[in-house]
Amino acid sequence: MLGRIGIALGLCAGVAGCSETESAASSGEDSCGAAAYQSQIGHAVGDLELTPGAKLRIVGPGQAMTMDYRADRMNIETDSAGQILRVFCG
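Structure below.
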């Protein structure tokens, strides 16, 4: 019985350690330069002029996206018409 409780507590501690990454992701840091593109929300993604070599991911509706967080990568979320809905780091 005590062994199971110890395992459960260990798992909880492990999950709590993972939440720091989520906190860093939502802390509002702009390490990818997304703030400069907020004015483009509502515009066509094809009209963007991006810096060559920029780490970028464009995600359409229903498209699969990995959950790895990369502070230096800009994500552009679009609707089915190619209009920009959201620009964020990760």
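Read in order, the letters of the sequence shown are residues 102 to 191 in my numbering.
All C-beta atoms, glycine included, are put in the ideal place defined by N, C-alpha and C.
Here's the rule I'm using: 16 or more other beta-carbon atoms within 10 Å means buried, otherwise exposed. How should residue i be labelled?
i      : result
ILE177 : buried
ALA125 : The pLDDT assigned to ALA125 is 42, lower than 50, so where the model puts this residue is not dependable, and the model offers no usable value.
MET175 : buried
Just list the residues that DSSP pairs residue i with in beta bridges.
i      : result
CYS190 : MET175
GLN184 : ALA145
LEU157 : MET175
Enumerate in chain order the residues of its own chain whose CB-to-CB distance from residue i is below 7 angstroms, with the five nearest sequence positions on each side excluded.
i      : result
ILE185 : GLN141, ILE142, GLY143, HIS144, VAL146, ILE177 and THR179
ILE88  : This structure gives no information on residue 88, because the portion of the chain shown stretches from 102 to 191.
Please list, in chain order, all residues of the same chain as residue i whose beta carbon is under 6 angstroms from its beta carbon, the five residues on each side excluded.
i      : result
TYR138 : VAL188
MET166 : VAL160
Which whole-angstrom value describes the C-beta separation of residue i and residue j, a residue pair presumed to lie in contact below a C-beta threshold of 8 angstroms?
i      : j      : result
GLY154 : ARG171 : That pair is no contact at about 15 angstroms.
Does the Cβ of residue i lie closer than 7 angstroms to at least one heavy atom of the ligand HEM?
i      : result
GLY183 : Of the ligands one can find in the structure shown there are none, so the ligand HEM has no counterpart to examine.
Enumerate in chain order the residues of its own chain whose CB-to-CB distance from residue i is below 8 angstroms, with the five nearest sequence positions on each side excluded.
i      : result
SER156 : The question names Ser, but residue 156 in the sequence shown is Lys. Cβ within range, chain order: CYS133, ARG171, ASP173, ARG174 and MET175.
GLU130 : ALA172 and CYS190
SER181 : GLY161 and PRO162
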